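**Q** One structure coming up, written as structure tokens, with questions to follow.
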Amino acid sequence: MRRDLTTSILAVVVFTVLLGVLYPFAVWGIGQVAFPGKADGSQIHMDGRLVGSSLIGQDFSRPVLDRSGKPKQDEDGNPIIEPDPQWFQGRPSATGYSPSATYFANHGPNQASTVAFYKDNLAGYLALERPYARGLTKAQVPVDAVTASASGVDPHISKANALIQAHRIAAVRRLPVGRVHQLIDDHTDGRFAGLLGEPGVNVVELNIALDKEAPVT
Amino acid sequence: MTQGWLQIAFFCAVLVACVPLLGGYMARVFRNETVFLTRALGSVERGIYRLLRVDVTREQDWKAYGTSLITVSLLFWLALYVILRTQTIHPLNPEGFHSGTWDVSFNTVSSFLTNTNWQYYGGETTMSYFSQMAGLAVQNFVSAAVGIVVVVALIRGIVARREGNSGLGNFWQDLTRTVLYVLLPISVIGAVLLMSQGVIQSFSHSLPFSSLNGTSGSLAMGPVASQEVIKELGTNGGGFFNVNSAFPFENPTTLSNFVELFLILLIPASLTYTFGRMVGSRRQGWAIFGVMSALFVAGVVVVYLAEQHGTPAQHLAGVNTHHVAGSTGGNMEGKDQRFGIANSGLWAAVTTVTSCGAVNAAFESLTGIGGLVPFANLSASETIFGGVGTGLYSMLLFVILAVFIGGLMVGRTPEYLGKKIEAREIKLVSIGVLFTPIAALIATALATGTKYGGPSVYASGPQGFSESIYAYMSQANNNGSAFAGYTGYYQPNPGNLGAHGISFADLLGGLTMMGARYVPILVVLAVAGSLVRKKAAPAGLGTMRTDTPTFAVLLGGVVVLVGALTFFPALLLGPIVQGLTNQVF
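From first to last, the protein sequence lines stand for chains L and S. Count along the first sequence starting at 1, add 383, and that's the number in our numbering. Count along the second sequence starting at 1, add 381, and that's the number in our numbering.
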């Protein structure tokens, strides 16, 4: 027993140094040499400043302004926001696309509150897209557009979702719809080896490409 | 759905192909033979023995083996508790996080020691890099190795052929060899693969940025890749980030998702082959593998079909959950686009048959029937592949039980691989088989029958009950996945400032995890100690064969029956009600 105690104390030290210090630093070293950009978070810099990561989705809303041009607030003093029509919009997020404090939306399958959440999202999506995609019906709205993602920072939307939004983007940014479709294809991450996962359109990268080609003045 | 089935079939094929490779390798490691890595790591291995001042040639009987195991676990428990409670003085704490509260730390430490990785805390908002890598991730290795050495000791007990022999091997040697020759090399390879996909490994503070529309945020950083890989490989499951493998810095691409899924099942599946090799009959290993695979595949099929159908809430709101051009449809709530329905469903099954508990989608948002699959898998008490080591020893307990029941049915003396199964073994096996489900049910009863469980529950109606029972089934099975609405922690600000735990949930969960980990471990070691002394009888005409399809069906039946009889009444109140109704609550 006493012998075990001594051995155990030594084991805690030895294994903590080996597995808790040497191993993670060795992996870090390999990462810095072999994949410097990726191991540091696939950062996107523009004009020398950090604007995000190509793996992390972003919020593309804007504050709603009142008549005097001041941001409107709700009863709790939080700014009221709406989707900004000049950008492709990502999926609903419970965390406001926070990449530093993540949590699940936890909408249950049989919760009354979840039904209200979907109804709001559907109405919001149709209100935003219908002026540009005439005749758009509820049944045409793909499910990813109205359901909350798992990570809260899902960088992707489905192709179907992007093609609906393409009408709006083409109108706002005065681009031919065909060109917007081309950009969507350029920024679609396909299945790995044509087999694994689902294709998704990377919203952040797509919006950056759009803004380069046809900035809103 | 064809594409989805193809992906699932491909995953299973790759796994089956790798089982003999790693399984055979591990058999050599645990027979203490020279392996190809000995040339590189042999000196490290001997160095560790010297540092620990142990003589590994000395075999231990089951009591000595168990004493070493419990003592080192206790010491690691204390060390991790101290680390979590002293975060303010840590190096590598760039965000300046405060220390955890005592009750949440108790839960977390118990959770990581027992290979559960139940998480009431959110990683990126409460844990320093030092706590994550030198505290939690070290336990990811050690708790995995502890699970593996226990099954190795049991196998040695079964294969021992010398009467009166009591040695089961040397705990320190097994622990060291498991870490050095199995876990660490695969982790390094896996970490490199994951980094190539964009999993981060950085010691930088979080990076402030200004997004395209001008709002500011910050990217959480950390040594993620090194922890991510062992989190899957060791079937631990505790994410660096709160949303676990859904977060792109843990699981950025469809390939990283495949790698992680593969790592979760790799060791539990391969150990069946290791078993076959060590007992000298590969058929014995494949028979167990077959039973596990059949139960696993059944769960995958159910969860994928269910998730493709959407939820009552979606249908009532008029959401179209059917496949349309450019979208797979299905219940995308709580799932990320790159994984879709097939990979989220497959993950839900993989992570709950094993005791991993990592998630890439929100369990709380699964359909009623889809959510039933994790429940059913937990009901099987880690026998369907299960955790590393723990899965196989749990299954071997059921094998002994099945041998006993089968022996009674056909009127033969129950024996397994030449060892007679007698009253002592059956008593021990009964304790081992029943302890986990009983712990789960008692804890659930305490949480739902008293007012103390109330503050932890998030959702209303049957979903709230599902959250509660899942929390304690998950902790009792050392799984760690959650219907994440259930909480034991209030955290108003990042960094533990002003945070407080829900002591009842933290303590009850912590005690459940520890009891359901160490009682079965001691039972297994005692069975090993009992079997090792027995003279092996040669197989005769009266021997019931345990490598036939008939026996496999019997074994699967026993697993399903015990699990279903124990949990069916309770599950009726939660997921089954939800799956059978279109109502909302």
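No residue lacks a Cβ here, since even glycine has one placed at the ideal position from N, Cα and C. Please read these numbers as outputs of a predicted model, since none were measured by experiment.
Kindly indicate which three-state DSSP category Leu-433 (chain L) falls into: helix, strand or coil?
**A** Strand, per DSSP.
**Q** Can you tell me which of the three DSSP states Phe-846 (chain S) falls into?
**A** Residue state, collapsed to three classes: helix.
**Q** Does any residue of chain L bring its CB to less than 7 angstroms from the CB of Gly-876 (chain S)?
**A** So, not an interface residue.
**Q** Would Leu-448 (chain L) be called buried (16 or more neighbouring beta carbons within 10 Å of its own) or exposed?
**A** Under this definition Leu-448 (chain L) is an exposed residue.
**Q** Could you tell me the boundaries of the alpha helix (DSSP H) in which Asn-590 (chain L) lies?
**A** Where Asn-590 (chain L) is concerned, the enclosing alpha helix (DSSP H) stretches over 586–596.
**Q** Using the three-state DSSP reduction, which class does Leu-401 (chain L) fall into: helix, strand or coil?
**A** Three-state DSSP puts Leu-401 (chain L) in a helix.
**Q** Which first and last residues belong to the beta strand (DSSP E) in which Ile-464 (chain L) is found?
**A** Ile-464 (chain L) -> beta strand (DSSP E) spans 464–466.
**Q** Give a yes or no on contact between the region 843–859 of chain S and the region 492–499 of chain S, applying the rule of three or more CB pairs nearer than 8 angstroms.
**A** Touching, yes, given that three or more Cβ pairs across the two stretches are closer than 8 angstroms.
**Q** Do we get a CB-CB distance below 7 angstroms when we pair Ala-522 (chain L) with the residues of chain S?
**A** Taking Cβ atoms only, chain S reaches closer than 7 angstroms to Ala-522 (chain L), which makes this a yes.
**Q** Where does Tyr-797 (chain S) fall in DSSP's three states?
**A** Here Tyr-797 (chain S) sits in strand by DSSP.
**Q** Is Gln-456 (chain L) buried or exposed, if buried means 16 or more other CB atoms sit within 10 Å of its CB?
**A** Classification for Gln-456 (chain L): exposed.
**Q** So, helix, strand or coil for Gln-523 (chain L), using DSSP?
**A** It is helical.
**Q** Return the CA-CA distance between Leu-511 (chain L) and Pro-468 (chain L), expressed in angstroms with no decimal places.
**A** Near 7 angstroms, if we compare the C-alpha coordinates of Pro-468 (chain L) and Leu-511 (chain L).
**Q** Are there 16 or more other CB atoms within 10 angstroms of the CB of Pro-472 (chain S), so buried, or fewer, so exposed?
**A** Exposed, since its Cβ has fewer than 16 Cβ neighbours within 10 Å.
**Q** For Leu-906 (chain S), I'd like the list of residues in its chain whose CB is within less than 7 angstroms of its CB, leaving aside the five on either flank, ordered along the chain.
**A** Closer than 7 angstroms at the Cβ level, and outside the excluded window around Leu-906 (chain S), lie Trp-443, Tyr-446, Gly-447, Val-531 and Ala-534.
**Q** Hey, quick one: how far does the alpha helix (DSSP H) through Arg-537 (chain S) stretch, first residue to last?
**A** Element bounds for Arg-537 (chain S): 518–540.
**Q** Taking the straight line between their C-alpha atoms, what separation do you get for Leu-936 (chain S) and Phe-418 (chain L)?
**A** Computed Cα separation, rounded: 48 angstroms.
**Q** Counting only Cβ pairs nearer than 7 angstroms, list the residues of chain S close to Ser-451 (chain L).
**A** None at all; the shortest Cβ gap to chain S is about 21 angstroms.
**Q** Alpha carbon to alpha carbon, how far is Val-939 (chain S) from Ala-909 (chain S)? Give it in angstroms, no decimals.
**A** Their Cα atoms are separated by approximately 22 angstroms.
**Q** Can you name the residues of chain L whose CB is closer than 9 angstroms to the CB of Ser-592 (chain S)?
**A** Ordered by position in chain L, the residues that pass the 9 angstroms Cβ test against Ser-592 (chain S) are Val-434, Gly-435, Gln-441, Asp-442, Phe-443, Tyr-480 and Val-587.
**Q** Using a Cβ cut-off of 8 angstroms, which residues of the region 512–537 of chain S contact any Cβ in chain L, in chain order?
**A** Within the region 512–537 of chain S, the qualifying residues are Met-514, Ala-515, Gly-516, Ala-518, Val-519, Phe-522 and Val-523.
**Q** Nearest by alpha-carbon distance to Glu-588 (chain L): which of L:His-428, L:Leu-402 and L:Gly-460 is it?
**A** Residue L:His-428 is the option with its Cα nearest to Glu-588 (chain L).
**Q** For Trp-386 (chain S), count neighbouring Cβ atoms within 10 angstroms of its own Cβ and tell me buried if that reaches 16, exposed if not.
**A** Trp-386 (chain S) should be labelled exposed.
**Q** Contact criterion: CB-CB distance below 7 angstroms. Does Asn-461 (chain L) meet it with respect to chain S?
**A** Chain S contact via Cβ: absent.
**Q** At the level of alpha carbons, what is the spacing between Glu-505 (chain S) and Phe-622 (chain S)?
**A** Each residue's Cα considered, the two are about 5 angstroms apart.
**Q** Going by DSSP, what residues sit across from Ser-597 (chain S) in a beta bridge?
**A** DSSP output for Ser-597 (chain S) lists S:Ser-591 as bridge partner(s).
**Q** Within the continuous alpha helix (DSSP H) that includes Pro-407 (chain L), where are the two ends?
**A** That run of the alpha helix (DSSP H) goes 406–417.
**Q** Would Glu-541 (chain L) pass as an interface residue toward chain S - the criterion being a Cβ-Cβ separation below 7 angstroms?
**A** The question names Glu, but residue 541 (chain L) in the sequence shown is Ser. Yes, Ser-541 (chain L) counts as interfacial toward chain S.
**Q** Between the Cα of Met-407 (chain S) and the Cα atoms of S:Asn-521, S:Gln-582, S:Ile-648 and S:His-479, which residue gives the shortest distance?
**A** Taking only the C-alpha atoms, the option nearest Met-407 (chain S) is S:Ile-648.
**Q** Pop quiz: Thr-709 (chain S) and Ile-722 (chain S) are said to be a contact at Cβ under 8 angstroms. What is the actual Cβ separation, rounded to whole angstroms?
**A** The Cβ separation is near 6 angstroms, so the contact holds.
**Q** Taking Cβ-Cβ distances below 8 angstroms as the criterion, which residues of the region 412–438 of chain S are in contact with chain L?
**A** Flagged, chain order: Ile-429, Leu-432, Leu-433, Arg-434 and Val-435.
**Q** For Leu-448 (chain L), does the three-state DSSP call read helix, strand or coil?
**A** Leu-448 (chain L) falls in the strand class under three-state DSSP.
**Q** State whether the region 768–788 of chain S contacts the region 749–760 of chain S, with contact taken as three or more CB pairs (one from each stretch) at a distance under 8 angstroms.
**A** Because the criterion of three Cβ pairs below 8 angstroms is not met, the region 768–788 of chain S and the region 749–760 of chain S do not touch.
**Q** Thinking C-beta only, is Val-700 (chain S) closer than 7 angstroms to Tyr-501 (chain L)?
**A** Yes; because the gap between Cβ atoms is below 7 angstroms, this pair is in contact.
**Q** With 16 other CB atoms within 10 Å as the buried threshold, where does Glu-414 (chain S) fall?
**A** Exposed is the call here.
**Q** Going by alpha carbons, who is nearest to Gln-872 (chain S) out of S:Gly-481, S:Tyr-430, S:Val-640 and S:Leu-912?
**A** Comparing Cα positions, the closest option is S:Gly-481.
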